[in-house]
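Here the structure is laid out as structure tokens; the discussion comes afterwards.
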Amino acid sequence: MSCLGRGFVSVAGIAVTLAGAAPVNAQTPGTVKTAGDVTQASLRSAIFQSVVAAKPKEYPAGKMAGQVASAAGREDLVATAAESQPACVASGSDPVRHIAERARATSIVIINETHGGPIERYFIGNVLRALAAEGYAIYAAETFSNGEDLVHDDVLNNDGWYLNEPIFGRTVRLAKSLGYKLVAYEETQDQNRASAAAHPELSRIDRRETCQTENLMKAIFTDQPDAKVVIHVGDAHAWERKAPWSQFAYVWMAERLKKATGRDPLTISQIDCVSSTTGVVIGESRLGKDGKAEVGSPVDLYVGHPALTFRDGRPAWRQDVGDKPAAVPGQFLNLTERVMIEARPESAPLESVPIDRILLFPGEKLPLLLPPGRYRIDGYLAVGRIEAAPVIVDVK
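Here it is, written out as structure tokens:
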């Protein structure tokens with residue numbers, strides 16, 4: 000199959016539903032928009048509309064719930080899947096160092112995320128830092144919007160849907176500071192339509208995996224077969240072989256790219272098992288239902304994160320790695336409706352991805368979590384930004 004169609008326009012529309020609210024889409028029904036049309040305003044709208052009737056501690060578990068809650072800085076309100084996931088079989092190695100050592104034997108590293116786990120994105124940032132020292136210089140991410148200029152100094156809301164979550168935004172900023180070239184490779188709208196028309200017998204997933212692979216080949220590997228590339232994907236796109244325990248028969252992007260490039264990638268999952276300790280672990284297998292290590296794996300390495308713990312309603316790990324709690328300015332508190340607070344460096348434009356974002360219910364006083372610095376704080380209601388003189392906060 001050839002992935003047909005021209006033009007790089009990401010398929011970025013996602014539906015999000017919490018607490019029984021109607022789905023909210025990044026794309027307006029009946030229209031076709033590029034990922035470049037996905038703005039902070041549409042993300043805020045999705046968050047506000049998705050929690051119309053919800054109250055703290057009453058969110059359901061679920062993939063989309065996790066995506067929206069993490070973008071709103073409220074992982075504390077979503078039940079996690081950690082309790083039902085098997086434990087990783089830990090090697091005892093330092094996870095980032097282990098990945099860097101294994102990455103020397105290849106030129107392609109593929110690592111996944113859940114799309115709702117900021118800690119996974121922070122970990123990928125640490126991997127990017129370690130692999131830059133190994134000569135890796137290209138960062139391709141599923142989130143990046145095709146058709147957008149990714150070369151500018153900051154990280155802007157139009158650069159991709161998922162990276163509007165603040166920790167993802169920080170990871171992309173880090174990648175830029177390390178000198179990585181950013182590459183978009185998601186299937187385009189044109190490719191989606193053309194491949195569906197040309198190959199109606201194939202599943203939607205198989206067509207998408209083909210298009211992603213061909214876009215990566217065109218953007219990188221056809222002209223630079225020896226390029227050292229980190230590819231940041233969601234979920235099973237990182238599978239380079241079928242898992243014996245999986246009910247699905249799809250051929251995922253990693254497996255297709257392995258064949259197309261002739262290179263054996265280092266594939267890493269962060270979503271298929273958890274740490275049974277208080278730290279991040281890495282290994283080559285996970286425990287099966289019988290309590291023994293499973294035989295056969297769709298990836299080379301598993302990274303397991305510990306269960307989230309919270310301090311003042313915010314993820315404790317963020318303070319552990321250097322974020323400082325900062326009180327939300329009083330004029331944004333004690334409102335009769337929910338308010339969304341965003342913090343950016345003082346000189347950053349409002350179009351940039353915030354360094355932190357927190358959705359507060361009336362009466363709540365949860366803190367922002369920020370690295371030391373000087374920040375502009377803005378507040379938003381469901382109808383839009385609260386018009387007020389800029390509030391500047393110094394975090395030490």
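First residue of the sequence shown: 0, per numbering that gives the first Met the number 0; consecutive thereafter. Ideal Cβ positions, reconstructed from N, Cα and C, are used throughout, including at glycine.
When we look at the beta-carbon of residue 141 and count the other beta-carbons within 10 Å, is it buried (16 or more) or exposed? Residue numbering aside, residue 141 sits at position 142 when the sequence shown is read from its first letter. Buried is the call here.
In terms of residues, what are the limits of the beta strand (DSSP E) holding residue 112? Taking the sequence shown and counting its residues from 1, one reaches residue 112 at position 113. Run containing residue 112: 107–112, per the beta strand (DSSP E) assignment.
Does residue 309 come out as helix, strand or coil in the three-state DSSP assignment? Locating residue 309 in the sequence shown gives position 310, where the first residue counts as 1. Here residue 309 sits in strand by DSSP.
Look at the alpha carbon of residue 172 and the alpha carbon of residue 370, and state the distance between them as a whole number of angstroms. What you label residue 172 is simply residue 173 of the sequence shown in a count that begins at 1. What you label residue 370 is simply residue 371 of the sequence shown in a count that begins at 1. Answer to the nearest angstrom: the Cα atoms are 14 Å apart.
Output the boundary residues of the alpha helix (DSSP H) element that contains residue 101. On the sequence shown, residue 101 is found 102 positions in, with the first residue counted as 1. That run of the alpha helix (DSSP H) goes 94–102.
Enumerate, from N- to C-terminal direction, the unbroken beta strand (DSSP E) stretches of 3 or more residues contained entirely within the segment 339–380. 355–359, 367–369 and 372–380
I need the straight-line Cα distance from residue 275 to residue 90, nearest angstrom please. The residue labelled residue 275 in the question sits at position 276 within the sequence shown. The residue labelled residue 90 in the question sits at position 91 within the sequence shown. Spanning the two alpha carbons is a distance of roughly 13 Å.
Euclidean distance between Cα positions of residue 337 and residue 112: In the sequence shown, the residue the question calls residue 337 occupies position 338. In the sequence shown, the residue the question calls residue 112 occupies position 113. Rounded to the nearest angstrom, the two C-alpha atoms are 29 Å apart.
So what's residue 284 in DSSP terms, helix, strand or just coil? By one-based count along the sequence shown, residue 284 stands at place 285. Correct three-state label for residue 284: strand.
Among 67, 223, 363 and 352, which one has its Cα closest to the Cα of residue 116? Locating residue 116 in the sequence shown gives position 117, counting from the first residue. With distances taken between Cα atoms, residue 116 lies closest to 67.
Just the Cα atoms here: how many angstroms apart are residue 328 and residue 376? Here the question's residue 328 lines up with position 329 in the sequence shown. Here the question's residue 376 lines up with position 377 in the sequence shown. C-alpha separation (whole angstroms): 8 Å.
Buried or exposed: which applies to residue 309, given that a residue is buried once 16 or more other Cβ atoms fall within 10 Å of its Cβ? Here residue 309 is taken as the residue at index 310 of the sequence shown, counted from 1. It counts as exposed.
Is there contact here, the segment 297–317 with the segment 222–242, by at least three beta-carbon pairs under 8 Å? Three or more pairs of CB atoms, one per stretch, sit closer than 8 Å, so the segment 297–317 contacts the segment 222–242.
Own chain residues within Cβ distance below 6 Å of residue 159, not counting five before or after: Mapped onto the sequence shown, residue 159 falls at position 160. Closer than 6 Å at Cβ, skipping near neighbours: 142, 143 and 144.
In angstroms with no decimal places, state the Cα-to-Cα distance between residue 306 and residue 97. Within the sequence shown, the letter at position 307 stands for residue 306. Within the sequence shown, the letter at position 98 stands for residue 97. Each residue's alpha carbon lies about 22 Å from the other.
Bounding residues of the beta strand (DSSP E) (the contiguous stretch that carries residue 124): Here residue 124 corresponds to residue number 125 of the sequence shown, with the count starting at 1. That residue, residue 124, is in no beta strand (DSSP E); its alpha helix (DSSP H) goes 117–131.
Tell me, to the nearest whole angstrom, how far the beta carbon of residue 154 is from that of residue 126; I am working on the premise that it is less than 8 Å. By one-based count along the sequence shown, residue 154 stands at place 155. By one-based count along the sequence shown, residue 126 stands at place 127. Not a contact, Cβ separation roughly 18 Å.
Determine the direct distance from the alpha carbon of residue 71 to that of residue 379, and round the result to whole angstroms. By 1-based counting over the sequence shown, the position of residue 379 is 380. By 1-based counting over the sequence shown, the position of residue 71 is 72. Going by the C-alpha atoms only, they are around 12 Å apart.
For residue 301, which residues does DSSP report across the bridge? If you number the sequence shown from 1, residue 301 lands on position 302. DSSP, once it has assigned bridges, lists 268 and 282 as partnering residue 301.
Residue 156 and residue 350: beta carbons closer than 7 Å? Against the sequence shown, residue 156 aligns to sequence position 157. Against the sequence shown, residue 350 aligns to sequence position 351. Yes, they are a contact pair.
Using the three-state DSSP reduction, which class does residue 2 fall into: helix, strand or coil? Along the sequence shown, one-based indexing puts residue 2 at 3. Reduced to three states, the DSSP call for residue 2 is coil.
Are residue 323 and residue 392 close, meaning C-beta to C-beta below 7 Å? Residue mapping note: residue 323 aligns to position 324 of the sequence shown, counting from 1. Residue mapping note: residue 392 aligns to position 393 of the sequence shown, counting from 1. Taking 7 Å as the Cβ cut-off, residue 323 and residue 392 do not qualify as a contacting pair.
Looking at the structure shown, is residue 152 part of a helix, part of a strand, or coil, going by DSSP? The sequence position of residue 152 within the sequence shown is 153, counting from 1. Looking at residue 152 - three-state DSSP - the assignment turns out to be coil, as it is neither helix nor strand.
Helix, strand or coil, according to DSSP, for residue 221 in the structure here? Here residue 221 is taken as the residue at index 222 of the sequence shown, counted from 1. Residue 221 falls in the coil class under three-state DSSP.
Just verifying my parser: in three-state terms, what is the DSSP assignment at residue 204? The residue labelled residue 204 in the question sits at position 205 within the sequence shown. Residue state, collapsed to three classes: helix.
Bridge-paired residues (DSSP) for residue 383: Here residue 383 is taken as the residue at index 384 of the sequence shown, counted from 1. Note: residue 383 sits in a beta bridge opposite 380.
Three or more C-beta pairs under 8 Å: does that hold for the segment 170–188 against the segment 200–211? yes
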